[in-house]
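A.B. asks: Quick note, the sequences are listed as chains L and V, same order.
Remember, the working numbering sits 7 above the position in the first sequence when you count from 1.
Remember, the working numbering sits 7 above the position in the second sequence when you count from 1.
Quick reminder that beta carbons are idealized off the backbone N, C-alpha and C, glycines included.
Number of protein chains: 2
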Amino acid sequence: MDAATTLKNHDLRVTKIRLAILEALGDGHQAKPYGELQAALGEFDRTTLYRTLLALIEKGLIHKALEENGESYYALCGGCTTHAHTHDHIHFKCNDCGTVECLHLSNEIGFSLPGVDIDSLEITAKGTCSACSA
Amino acid sequence: MDAATTLKNHDLRVTKIRLAILEALGDGHQAKPYGELQAALGEFDRTTLYRTLLALIEKGLIHKALEENGESYYALCGGCTTHAHTHDHIHFKCNDCGTVECLHLSNEIGFSLPGVDIDSLEITAKGTCSACSA
DNA sequence: TTATTTCTGCAACATTGTTGCAATTTGTTA
DNA sequence: TAACAAATTGCAACAATGTTGCAGAAATAA
Ligand SMILES: [Mn+2]
Ligand SMILES: [Mn+2]
Ligand SMILES: [Zn+2]
Ligand SMILES: [Zn+2]
């Protein structure tokens, strides 16, 4: 399915910057930092980029993978909608090359804490990616 | 042990703002957002607050619990030093009252991912705290 | 093609991050 | 205690990101 169809399926009009963001995020396995997105989308006003990211998040097309040192990383979603955001995967950041990957776990992680009722979990792992450990 | 002694033990001079920050962070079970710290420490220049937080983190007295929507949350460490930062606990944020707690798990969480070598984990849970679920 | 709705770019301002530097404060030594 | 050296603070200054209002442009519906 092409990006234009994806946008329509999520109640979003097809515009240049939306197509450009989806293209910039590539295959969805990696998250891109805001700064890199802004650089790649330099032809557009940064306010538009800001609002477009909000819209794509809201409609379930992308998600914020992590925030670090004031910079947010964004990645494609797989199968989310406005009313159902499901991100049961972890984010792995390589301390060496800085790459941030969206990785699915084979076995589910679950635990409970006394007194509190857990709705969602965000897990960020750091270490060395396969490319950098070779 | 009082705050002044704690500072000395971590190779830090005893100054007003450092004592004030340690006092503002209370008993260490909860993390405070930057904005709240800045408000509580209004008598000091914000650059000094910025650099003092960096120094306290570096020396192992406090840690950044989480970053959310461009705001960082800080909490006291327990037993960290400049050369050994160990934070084997999770951060829980209540969706209702916004409180962020540092919670230790009874059982260790560990998992592996194919191809990558994991050095550290950051886990943030969200839900409803005991006070808000009552 | 026209009308309606949505989106974009621009201006404007707030907040946080960050560095340099001179004045002040702290800890040390005589 | 006084003088000294080292570390810390406050202020100015600038960068980056977040955020809103609004008018013109673009996308869809009729
Ligand atoms: Mn992800
Ligand atoms: Mn903590
Ligand atoms: Zn790597
Ligand atoms: Zn609560």
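Collect the residues with a C-beta less than 5 Å away from any heavy atom of ligand 1 and give them in sequence order along the chain.
C.D. replies: For ligand 1, the selected residues are A72(L), A82(L) and C109(L).
A.B. asks: For I132(V) versus I125(L), is the C-beta distance shorter than 8 Å?
C.D. replies: As a working note, residue 132(V) is residue 125 in the second sequence. As a working note, residue 125(L) is residue 118 in the first sequence. Residue identity differs from the one stated: residue 132(V) is Ala in this sequence, not Ile. In contact: A132(V) and I125(L) (Cβ atoms closer than 8 Å).
A.B. asks: Nearest chain V C-beta to E43(L) closer than 8 Å, yes or no?
C.D. replies: Counting from 1 along the first sequence, the entry for residue 43(L) is found at position 36. Chain V contact via Cβ: absent.
A.B. asks: Which residue from T12(V), S140(V) and V107(V) puts its Cα closest to that of E43(V)?
C.D. replies: Looking up residue 43(V) in the second sequence gives position 36. It is V107(V).
A.B. asks: Compare the C-beta of A132(L) with all C-beta atoms of chain V and state if any pair is closer than 8 Å.
C.D. replies: As a working note, residue 132(L) is residue 125 in the first sequence. Closer than 8 Å: yes.
A.B. asks: Using 8 Å for Cβ pairs, my map puts N102(V) next to G134(V). What's the rounded Cβ distance?
C.D. replies: Along the second sequence, read from residue 1 onward, the residue named residue 102(V) stands at position 95. Along the second sequence, read from residue 1 onward, the residue named residue 134(V) stands at position 127. Contact holds; Cβ gap of about 6 Å.
A.B. asks: Relative to the alpha-carbon of S119(L), which residue among G122(V), L120(V) and H111(V) has its alpha-carbon at the smallest distance?
C.D. replies: For this step, residue 119(L) is matched to residue 112 along the first sequence. For the residues G122(V), L120(V) and H111(V), the minimum Cα distance to S119(L) belongs to H111(V).
A.B. asks: Taking only beta-carbon atoms, is D124(L) less than 8 Å away from chain V?
C.D. replies: The residue you call residue 124(L) lines up with position 117 of the first sequence. Yes - at least one Cβ of chain V is within 8 Å of the one on D124(L).
A.B. asks: Let me check you understand the geometry: is the CB of H98(V) closer than 7 Å to at least one non-hydrogen atom of ligand 2?
C.D. replies: What you label residue 98(V) is simply residue 91 of the second sequence in a count that begins at 1. Because some heavy atom of ligand 2 lies under 7 Å away, the Cβ of H98(V) counts as near it: yes.
A.B. asks: Just tell me which of L63(L), G117(L), A27(L) and A72(L) has its CA closest to the CA of P40(L).
C.D. replies: Within the first sequence, residue 40(L) is the residue found at index 33, counting from 1. The shortest Cα separation from P40(L) among L63(L), G117(L), A27(L) and A72(L) belongs to A72(L).
A.B. asks: So with CB distances below 7 Å, who are the chain L contacts of L112(V)?
C.D. replies: On the second sequence, residue 112(V) is found 105 positions in, with the first residue counted as 1. Going along chain L in sequence order, the residues near L112(V) (Cβ under 7 Å) are F118.
A.B. asks: Only counting the same chain, and skipping five residues up and downstream in sequence, which positions put a Cβ closer than 8 Å to that of H94(L)?
C.D. replies: Looking up residue 94(L) in the first sequence gives position 87. Correct list, in chain order: H70, C84 and C87.
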